[in-house]
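Anchor point for the sequence shown: position 54 equals 112 in my numbering, and the numbering is continuous, going up by one each time.
To start, the structure itself, in structure tokens.
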Amino acid sequence: MRRLPFSPWHLLLMPLALLFALPLVQMVLTAFMPDGDINRFPPRFIPSRLQLDGFIGLFSQSQALRWLLNTVIVSTIAVVAHLVLCSMAGYGFARLKFFGKNAGFLMILATIMIPAQLLMIPTYVMFTRLGLIDTLAAAFVPWLASAFGIFLMRQFFLSLPAELEDAARIDGCTTFGVFWRVVLPLAKPALATLTVFTLLGSWNDLIWPLVAISDESIYTIQLGLANFQGTRHTQWSLLMAGNVVATMPLIIAFIVAQRQFVATMTFSGLKG
Numbered sequence: 059m060r061r062l063p064f065s066p067w068h069l070l071l072m073p074l075a076l077l078f079a080l081p082l083v084q085m086v087l088t089a090f091m092p093d094g095d096i097n098r099f100p101p102r103f104i105p106s107r108l109q110l111d112g113f114i115g116l117f118s119q120s121q122a123l124r125w126l127l128n129t130v131i132v133s134t135i136a137v138v139a140h141l142v143l144c145s146m147a148g149y150g151f152a153r154l155k156f157f158g159k160n161a162g163f164l165m166i167l168a169t170i171m172i173p174a175q176l177l178m179i180p181t182y183v184m185f186t187r188l189g190l191i192d193t194l195a196a197a198f199v200p201w202l203a204s205a206f207g208i209f210l211m212r213q214f215f216l217s218l219p220a221e222l223e224d225a226a227r228i229d230g231c232t233t234f235g236v237f238w239r240v241v242l243p244l245a246k247p248a249l250a251t252l253t254v255f256t257l258l259g260s261w262n263d264l265i266w267p268l269v270a271i272s273d274e275s276i277y278t279i280q281l282g283l284a285n286f287q288g289t290r291h292t293q294w295s296l297l298m299a300g301n302v303v304a305t306m307p308l309i310i311a312f313i314v315a316q317r318q319f320v321a322t323m324t325f326s327g328l329k330g
């Protein structure tokens, strides 16, 4: 019997991949549809003609470029802060010895189980007293670090052989030198995965900016797109065009970091 030129698992995975890709394809096609095709019943999957009215209306009737810039700023600060703070905290919990290390790590890990909705009122009160409400800082300060990021980096650092660090210390490296010159270069897969998770979370965050920001010029892209949906009327062409603009950067980021993402799931002990 002739063997297949690909893994038999592809016969199952390819239909599943098409199933998951179908909403994305529908979103892109709807962004180029005339309003008549969007509002007809039964709905059309293939547009009768392609047009750019949705994208033209998006950029002419709203501050979409400003929202996109705000989102880029928030996500960039969130990713950089996560890479710096979570990697340092994760290395400290993985390698350093200090009083209360295990208890402190468990307390940080326990915060993952607290629903974010329970923290919104005290966070809002705290941000009000700090004068951060209705500023762009209100969107990125909660994303400076996370318990999941610390946990992810700690698990990866624990999987690295300690002999490499011991050899660096024998050569005269300080603790920070070992972390910066030896450990971090080996942690690129974990850092790439943390980047993807942080980028997804901060880019798609809607509930907290909806609570903390009311100035339209400070909206993030997700908060701005939410305004296209109303109780009586939804601007579907503008909404789908905005979703395409908001989604493409995330798809590109995942494609770039895909190999590192898979590598981290293999080596950090998080698989299964």
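Glycine is no exception: its CB is placed at the ideal position from the N, C-alpha and C atoms.
Keep in mind that this is a model prediction, so the values were computed, not measured.
Inset, instruction - Give a yes or no on whether the C-beta atoms belonging to Q109 and F78 are separated by under 8 Å. - result: no
Inset, instruction - Using alpha carbons as the reference points, say which of V86, A299, F151 and F209 lies closest to S120. - result: A299
Legend entry - Residue interval of the alpha helix (DSSP H) (run including W266): I265 to A270
Legend entry - Residue environment, F113, which counts as buried when at least 16 other CB atoms sit within 10 Å: buried
Legend entry - Beta-bridge pairing of Q287 - partner residues as DSSP gives them: T292
Inset, instruction - Tell me whether V132 is buried or exposed, calling it buried when 16 or more other Cβ atoms sit within 10 Å of its Cβ. - result: buried
Legend entry - Through-space distance from S106 to M59, alpha-carbon basis: With a pLDDT of 43 at M59, under the threshold of 50, the modelled position of this residue cannot be trusted; read the value that follows with caution. If you take the alpha carbons of M59 and S106, they lie about 46 Å apart.
Inset, instruction - Less than 8 Å between the CB atoms is what I'm expecting for V241 and E223, so what's the real figure, rounded? - result: 7 Å
Inset, instruction - Within its chain, find whatever has a CB closer than 8 Å to the CB of L268; leave out the 5 residues flanking it on each side and keep chain order. - result: L281 and A284
Legend entry - Cβ neighbour criterion (16 or more within 10 Å) applied to N160: exposed
Legend entry - As assigned by DSSP and simplified to three states, the class of K159: helix
Inset, instruction - Tell me whether D224 sits in a helix, a strand or coil according to DSSP, three-state version. - result: helix
Legend entry - For T253, three-class secondary structure by DSSP: helix
Legend entry - Length of the line joining the Cα atoms of L190 and D273: 13 Å
Inset, instruction - Compare the Cα-Cα distances from F214 to each of S204, A226 and A152 and report the closest residue. - result: A152
Legend entry - Segments assigned alpha helix (DSSP H), at least 4 residues, entirely inside the segment 186–219: 195–198 and 205–217
Legend entry - Q121: first and last residue of the uninterrupted alpha helix (DSSP H) it sits in: Note, Q121: premise wrong, no alpha helix (DSSP H); not H, not E.
Inset, instruction - Inspect the beta-carbon positions of F209 and L167 and report whether they are closer than 8 Å. - result: yes
Inset, instruction - Taking 8 Å as the cut-off, decide whether the C-beta atoms of P304 and L257 are in contact. - result: Just to set this straight, residue 304 is Ala in the shown sequence, not Pro. Not in contact: A304 and L257 (Cβ atoms no closer than 8 Å).
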